[in-house]
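Okay, structure first, notes after.
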Amino acid sequence: MDQTIDIGRWKSMALDLAPPRIHPFVKGCYWTLFSKKSDGSRLDGLPKKLSDSHVCDAELLIDRNKLLDRLPKNATVAELGVDTGGFSKRIYSITNPEKLYLVDPWGSERYGEEKLNSVIKSFSEEVEKEEVIILRERSETALKQFDDQFFDWVYIDTTHTYNQTKLELELSEKKVKDSGIIAGHDYKIGNVDKGRRYGVIEAVHEFCEKYNWKILYLTLETGGSRSFALTKIK
């Protein structure tokens, strides 16, 4: 495993744990010492662009609410990365899932106990009816607990790093049905305001080429926090 890429994940964790007053120092250290080396080593082995077969059926949508309109209804669904559950509520109300698994470690100061309790409170009735299942686990730990071809679709919104996104895509590829969909958030270069370089685009393109998947939907929010949805090429 490339240690220079892993450093990006540790940098994100450090920002979550550190007091806001020292965030500029953490960012400065990362960009000074590791950013160029990490980006170069990551990009060297990746496809420069996707083949036509991976984009020929892609449909552009205005936002991720429209994406939810297109995704399977009454389905078995997992959301990886829940935060306060705002998007979870939209998944539930728009797609009416048979089962919705909400997966998040809620392990840091930023995504901690208070947010978990907020999600539990928001979905108390649905949890009681076993329509919503809350799993306080890392995404890869949770996914490994399910049988292969268990989910109709999953939505990935965790660390946005290359390594983590790659891992989640590869695990999800086994856990969704043959006709299933893998979707996710923040298909963009990074968070400019916070100085964070993401790896979602690279991980998605590499995954499509390696496992023969294609982009089904791509959202075009002006702010850049775009979502993608992938399906297998038949």
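For what it's worth, the UniProt record's numbering labels the leading residue of the sequence shown as 1, then goes sequentially.
For glycine and all other residues, C-beta sits at the position ideal for the given N, C-alpha and C.
State the Cα-Cα distance for the pair Asn117 and Ile133, rounded to the nearest angstrom. 14 Å
Kindly indicate the opening and closing residues of the beta strand (DSSP E) around Val55. That residue, Val55, is in no beta strand (DSSP E); it is neither H nor E in DSSP.
What's the call for Lys166, buried or exposed, on a 16-neighbour Cβ count within 10 Å? buried
In angstroms with no decimal places, state the Cα-to-Cα distance between Ile182 and Asp157. 11 Å
Ile233 by DSSP, collapsed to three states: which one? coil
Do Arg90 and Tyr217 come within 8 Å of each other at the CB atom, strictly closer than that value? no
Please go through the same chain and pick out, in chain order, the residues whose beta-carbon is closer than 6 Å to the beta-carbon of Leu220, but skip the five residues on each side of it. Leu60
May I ask which residues mark the beginning and end of the beta strand (DSSP E) holding Asp152? 151–156
Using 10 angstroms around the beta-carbon of Gln149, count the other beta-carbons present and answer buried if the total reaches 16, otherwise exposed. exposed
Where Lys37 falls, given that 16 or more other Cβ within 10 Å makes a residue buried: Low local confidence applies: a pLDDT of 47 at Lys37 is under 50, so the model's placement there is unreliable, with the coordinate-based value given in what follows. Under this definition Lys37 is an exposed residue.
Can Ser124 and His185 be called in contact, C-beta distance under 8 Å? no
Whose CA, out of Asn96, Ser108, Asp83, Glu114, lies closest to the CA of Leu102? Asp83
Outcome for Ile62 when other beta-carbon atoms lying within 10 angstroms are tallied against a minimum of 16: exposed
Starting from Ala78, follow the beta strand (DSSP E) in both directions and report where the run begins and ends. 76–80
DSSP three-state label for Lys214, please. strand
Residues near Leu46 in its chain [Cβ-Cβ closer than 7 Å; skip 5 each side]: Glu202, His205, Glu206
For Leu171 and Asp57, what's the separation of their Cα atoms in angstroms? 24 Å
Give me, in chain order, the residues of the same chain whose beta-carbon lies closer than 7 Å to that of Gly180; leave out the 5 immediate sequence neighbours on both sides. Phe151, Asp152, Trp153
Less than 8 Å between the beta carbons of Gly199 and Thr231, yes or no? no
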